[in-house]
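Participant:
Protein chains: 4
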Amino acid sequence: MTDHGGQEAATWTLTLSCPNRPGIVAAIATTLYEADGNIIEAQQFDDTETGVFFMRVVFTGRADAERTEWLRARLDAVASRFRMNWTLHDRAVRRRVLLMVSKFDHCLVDLLYRWRIGELPMLPTAIVANHPRETYAHIDMGDIPFHYLPVTRDNKAEQEEELWSLVQRTNSELVVLARYMQVLSDSLSARLSGQCINIHHSFLPGFKGARPYHQAHARGVKLIGATAHYVTADLDEGPIIEQDVERVSHSDTPDDLVRKGRDIERRVLSRAVRCHLDDRVILNGTKTVVFGD
Amino acid sequence: MTDHGGQEAATWTLTLSCPNRPGIVAAIATTLYEADGNIIEAQQFDDTETGVFFMRVVFTGRADAERTEWLRARLDAVASRFRMNWTLHDRAVRRRVLLMVSKFDHCLVDLLYRWRIGELPMLPTAIVANHPRETYAHIDMGDIPFHYLPVTRDNKAEQEEELWSLVQRTNSELVVLARYMQVLSDSLSARLSGQCINIHHSFLPGFKGARPYHQAHARGVKLIGATAHYVTADLDEGPIIEQDVERVSHSDTPDDLVRKGRDIERRVLSRAVRCHLDDRVILNGTKTVVFGD
Amino acid sequence: MTDHGGQEAATWTLTLSCPNRPGIVAAIATTLYEADGNIIEAQQFDDTETGVFFMRVVFTGRADAERTEWLRARLDAVASRFRMNWTLHDRAVRRRVLLMVSKFDHCLVDLLYRWRIGELPMLPTAIVANHPRETYAHIDMGDIPFHYLPVTRDNKAEQEEELWSLVQRTNSELVVLARYMQVLSDSLSARLSGQCINIHHSFLPGFKGARPYHQAHARGVKLIGATAHYVTADLDEGPIIEQDVERVSHSDTPDDLVRKGRDIERRVLSRAVRCHLDDRVILNGTKTVVFGD
Amino acid sequence: MTDHGGQEAATWTLTLSCPNRPGIVAAIATTLYEADGNIIEAQQFDDTETGVFFMRVVFTGRADAERTEWLRARLDAVASRFRMNWTLHDRAVRRRVLLMVSKFDHCLVDLLYRWRIGELPMLPTAIVANHPRETYAHIDMGDIPFHYLPVTRDNKAEQEEELWSLVQRTNSELVVLARYMQVLSDSLSARLSGQCINIHHSFLPGFKGARPYHQAHARGVKLIGATAHYVTADLDEGPIIEQDVERVSHSDTPDDLVRKGRDIERRVLSRAVRCHLDDRVILNGTKTVVFGD
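Chains as they are written, first to last, in my numbering: chain A, 31 to 323; chain B, 31 to 323; chain C, 31 to 323; chain D, 31 to 323.
Spelled out as structure tokens, the structure:
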């Protein structure tokens, strides 16, 4: 919290999307100015295909509950004039995140490390796995509650209810599938729309479905990749947040691809989660707008 | 030119920098709104170290001389209130560019090709070389005047005057040193400040000076690179616009590095020129702000 | 040609593949040693899935017809013992290459430039286009014969016969489809098996077929790519030689992707052609072995 | 251990370097063949500048002590004929590695994770830190002994003796400075020649010495990098094993560079260690030969 005109100061991120028409930026900037806000970073994007305008603004202002309420009311008024979807987050408040994992724990370990050293501004609410705690014996989970929810054909609906209940009880705002290898049902996917990030271990749309590294090896590609996307009912078709690749060669076995892939998965998932936590990602139909840092 | 409310429409790029304080974005956005401008893209950057604020706005508006004059006057008023440096360019008007080359012509050939197919929105005013026209026998220079200005220790000052005169006579707004291997004098560098882009064939600050690929080979680096920067009196120390690298190995000879380097130089220089032409680059002391696309 | 024991010297590239079993390297190395050859570079690959062994050797030796004949005979004997496919090329002899192009000429221009400055060790035998010569008015084709072979549904078989005849008359060893947008027939693909390289403007296996950049834009991927592969009857399924990608963002229009894609296509195709000319690529069923440089 | 002609089989890596002259590959390949070895991977490099030849061979053979002794004797004979330096390692025997760390533990955590899941074929013999054990409270070090060796101006020589004694007592074959921030003395550097890998947090030769990310920020570079190299008495001048970079922008603060740098450091160091453990790195004066995988 830095000083802001003799007052306690806060930093906020505002995101919005609405049908494009003249005056949006002026209305927002003027509103923030009248609220004594100082814009320190802003990005806009005008999707000329759909006519939708997207904006993200980071600004500092007084950390004063009354002032904040007043600002929210003013933003509400602007939003209703322009038919905006909008969010406003105090950047000092860490987002609550539920982490899910299956047997391969490299993404989980990576996210926990980045959280521990302060790189990911989140508050892990729970770790949910379909393998028991001893599978992750070497992981220091600190105070984060661990939940073992094994999934079979028979208990899947039940376990998903339990998961959903856990999301609600923990007030989790984001669910991260850190190589969680169970497919979520359509209904749970719908409930978690825009709030659930998955890492798929291929450069989508290539090699959807199972064993993508084996598919890649069989096809003889010269680069392999990973894709972080929001989960939707349509498997491996959700809006893409981030992708990356690495070079492979004819001498790489499927096991080598799996090994190289772990590095790609880790960095792609952590970047996607970081962008989400930093309010850089806005849904745009089946695609995303990702404002770069 | 698209339609703009029944009028002929134009698209403009506004760039500005000034000491940061609240109200800048509001003032600019409101001014553009009052001029019937519609913001389609905008980026801001607040340099918290120096307290300088940078902004780039692309907007559409009526292509009407009177209206434009009125807008310029209003922007002048805002600029003087906030002590802004600012530029406003009609995006339909191509920038005038003078190209310089020595023996290696791969960057020149590349820039001309990109210009010819409409990828680089520029108007080449002249090609200046310190080798005669026959050195470039295979290059179709179209209607671009070619000037042979060989440089020796004795005639350097004279030839630089001729070059400067040519820049002025052709109203060139940008000079591109496309592997032009003569060092410009301090005084000419100063005159061309912020208007002259060079490509250095190393990843600066590594391997300044002569024969950087041979230096890189001798040091045994595993990546080589190229750097596009504005020319200053301080050789190879100018503000960096763009850099890129490529992997090399122990088996690459200096000649292999030269070959791989050509590809890096081409893409780094063309990206830097493109960014400059698109008003994405703003000087920030000895550094640059480059608003991404 | 460097000196080789007081004799004129030559440099050769030998490639081979055969079922793996002990003694292959020893047999080859001993044969070359007995022929006074000096190995300066060698790579091996053992495909443990198929049990096939691949090898590429660069060696210097006397440039003496009799000696070469003797070496070929010896290699023949070794090859028949190990059931090898093998090739032996004098590296001073440039490979004969027929280039094909449609409307977009960036790959052709790039290949010709690299050829002209000596970067690609080939001898262009002909340029074949389905657009007339004036489409490429700005390209200096030097002495390379240009052939206009427009293709319609009706004349396709006929024009392919003409093309095949041209390949034979010019003794072309390689055909490069430098953004040639006509699909070759199954029979021509079969005739050119392993001798015809195509550049597909997507990161295969994603976005096969028409308008891949538009497909990529619609899917919202964060990287786009290009793929160079040998042509087979199965469209976009041929053995991949080289691939690369570049980062794109939500703000890139399909036209931006086309522009960024040109750079990727150029470098992917030229690398693939270079690898082929340098005998670095060996077919391995539906895949390739590419020995790196 | 796979079957090898009814016998227990082993896989070996042989590396060698010697003055180049005809017959090296033949002599080696014949020797391995006579020892019933089957070459499954081999790479050669002829440094034409220095006339030194480098070779790495992976082969399978009988895991039989007598046979191995016989092979070593034969290789000794070949080596003395060609004046070779050579090493032969049973690939099933993990190399003994001592890890050193200071305050920032991301590289250590990464190496330990890769070791734990079997990605790095090493046996950690000790973790040495100049900070106490509680600094690394969250790290599960398993059975690896931890040694706290704080270094001051006064005790440096003494602590280095302790370290050297530890290296010897533990039979460590490699020391990894995983962001260990103390400069080793000339004498210790000399003792550990070719056996000590450091990670420097810049793209050398740029930004040697202290606070390289702050130097990079001040210079305004557009990419930052990291370099893994063997430690020599000449600080930041040791033979480079691996380097990599990542894109940064004007909006990245020094803290952002530190964060992005952690990812680069991790992957560069782990790749270098992996290459060393896999006998892919051979010293070539002040440079390295790194045979790719």
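Glycine is no exception: its CB is placed at the ideal position from the N, C-alpha and C atoms. Note that the coordinates shown come from a computational prediction; the quantities given were computed from them, not determined experimentally.
Out of B/D135, B/M152, B/L150, point me to the one whose CA is closest to C/R146's CA.
Facilitator: The candidate whose alpha carbon is nearest that of C/R146 is B/D135.
Participant: Pairing CB atoms from the segment 152 to 166 of chain D with CB atoms from the segment 200 to 209 of chain D, are three or more of them under 8 Å?
Facilitator: Result yes; three or more Cβ-Cβ pairs closer than 8 Å.
Participant: For A/A159, count the other beta carbons within 10 Å of its own beta carbon; 16 or more makes it buried, fewer makes it exposed. Which is it?
Facilitator: So A/A159 counts as buried.
Participant: Step through the CB atoms of chain A and report whether any lies within less than 8 Å of the CB of C/S279.
Facilitator: Yes - at least one Cβ of chain A is within 8 Å of the one on C/S279.
Participant: Check distances from the C-beta atoms of the segment 53 to 68 of chain C to those of chain D and list, in chain order, the residues that come in under 9 Å.
Facilitator: Under the 9 Å Cβ criterion, the segment 53 to 68 of chain C contributes G53, I54, V55, A56, A57, I58, A59, T60, T61, L62, Y63, E64, D66, G67, N68.
Participant: Taking 8 Å as the threshold (C-beta atoms), are C/G67 and C/T90 in contact?
Facilitator: Against a cut-off of 8 Å, the Cβ pair of C/G67 and C/T90 comes out as a contact.
Participant: Among the residues of its own chain, which have a CB less than 7 Å from the CB of C/Q225, if the five just before and after it don't count?
Facilitator: Hits under 7 Å: E203, L204, V205.
Participant: Classify B/S110: buried if its beta carbon has 16 or more other beta carbons within 10 angstroms, exposed otherwise.
Facilitator: Exposed: under 16 other Cβ atoms inside 10 Å.
Participant: For A/M31, count the other beta carbons within 10 Å of its own beta carbon; 16 or more makes it buried, fewer makes it exposed. Which is it?
Facilitator: Its pLDDT being 37, under 50, A/M31 is placed unreliably in this model, and the coordinates cannot settle the point.
Participant: If we count Cβ pairs, one from each stretch, closer than 8 Å, do we get three or more for the segment 56 to 64 of chain C versus the segment 282 to 299 of chain D?
Facilitator: Too few Cβ pairs lie closer than 8 Å, so no.
Participant: If you draw a straight line from the C-alpha of C/R97 to the C-alpha of B/G255, how long is it?
Facilitator: Whole-angstrom Cα-Cα distance: 44 Å.
Participant: Going by DSSP, what residues sit across from D/I157 in a beta bridge?
Facilitator: Looking at the DSSP assignment, D/I157 forms a beta bridge with D/L129, D/F176.
Participant: Chain A beta carbons: is any one of them nearer than 8 Å to that of D/V311?
Facilitator: Output row for D/V311: interface = no.
Participant: Could you have a look at D/E38 and say whether DSSP puts it in helix, strand or coil?
Facilitator: Three-state DSSP puts D/E38 in a strand.
Participant: Starting from the beta carbon of B/E149, find every residue of chain C whose beta carbon is closer than 9 Å, and list them in chain order.
Facilitator: In chain order: R289, R292.
Participant: State the start and end residues of the unbroken beta strand (DSSP E) segment that holds A/T165.
Facilitator: Per DSSP, A/T165 belongs to no beta strand (DSSP E) and is neither H nor E.
Participant: Would you tell me roughly how many angstroms separate the C-alpha atoms of B/R102 and C/L307, rounded to the nearest one?
Facilitator: Computed Cα separation, rounded: 59 Å.
Participant: Counting pairs of Cβ atoms below 8 Å between the segment 302 to 319 of chain A and the segment 273 to 282 of chain C, do you hit three or more?
Facilitator: Yes, they touch.
Participant: Does C/W242 come out as helix, strand or coil in the three-state DSSP assignment?
Facilitator: The question names Trp, yet the displayed sequence has Pro at residue 242 of chain C. Helix.
Participant: Quick check on D/C48: buried or exposed, where buried means 16 or more other Cβ atoms within 10 Å of its Cβ?
Facilitator: D/C48 is buried by the Cβ-count criterion.
Participant: The beta strand (DSSP E) that contains B/L207, what's its start and end?
Facilitator: Residues 204 to 207.
Participant: Measure from the alpha carbon of D/H168 to the alpha carbon of each residue in A/R144, A/H161, A/R124, A/A240, then state which is nearest.
Facilitator: Considering only alpha carbons, the answer is A/R144.
Participant: Could you tell me whether the Cβ of B/I70 comes closer than 8 Å to any Cβ of chain A?
Facilitator: Closer than 8 Å: yes.
Participant: Is B/Y243 close to chain C, meaning its C-beta is less than 8 Å from at least one C-beta of that chain?
Facilitator: No, B/Y243 lies away from the interface with chain C (no Cβ there is under 8 Å from its Cβ).
Participant: State the Cα-Cα distance for the pair A/V213 and A/L265, rounded to the nearest angstrom.
Facilitator: Those two C-alpha atoms are separated by around 8 Å.
Participant: For D/N115, which residues from the same chain have a beta carbon less than 6 Å from its beta carbon, with the 5 sequence-adjacent residues on both sides left out?
Facilitator: Closer than 6 Å at the Cβ level, and outside the excluded window around D/N115, lie S47.
Participant: What does the alpha-carbon distance come out to for the pair B/V131 and C/D140?
Facilitator: Answer to the nearest angstrom: the Cα atoms are 19 Å apart.
Participant: Any idea which residues DSSP pairs B/D266 with across the strands?
Facilitator: Beta-bridge pairing links B/D266 to no other residue.
Participant: With a 10 Å radius around its C-beta and 16 neighbouring C-beta atoms as the bar for buried, classify D/D33 as buried or exposed.
Facilitator: Note that D/D33 has pLDDT 47, beneath the 50 cutoff, so the model's placement of it is unreliable and no number is given.
Participant: Below 7 Å on C-beta distance, what does A/R249 contact in chain C?
Facilitator: Residues of chain C passing the Cβ test: P235.
Participant: Using the beta-carbon of each residue, which ones in chain C are nearer than 8 Å to D/Q273?
Facilitator: Under the 8 Å cutoff, chain C gives no residues; its nearest Cβ is about 17 Å from D/Q273.
Participant: Considering Cα atoms alone, identify which of B/L253, B/Q74, B/T41, B/E188 is closest to B/H119.
Facilitator: The candidate whose alpha carbon is nearest that of B/H119 is B/T41.
Participant: Under a three-way DSSP split, which group does A/F75 fall into?
Facilitator: In this structure, A/F75 counts as strand in the three-state DSSP scheme.
Participant: Spell out whether any CB of chain D is found under 8 Å from the CB atom of A/Y143.
Facilitator: It does: the Cβ of A/Y143 has a partner Cβ on chain D nearer than 8 Å.
Participant: Establish whether the CB of C/G255 and some CB of chain D are separated by less than 8 Å.
Facilitator: Output row for C/G255: interface = no.
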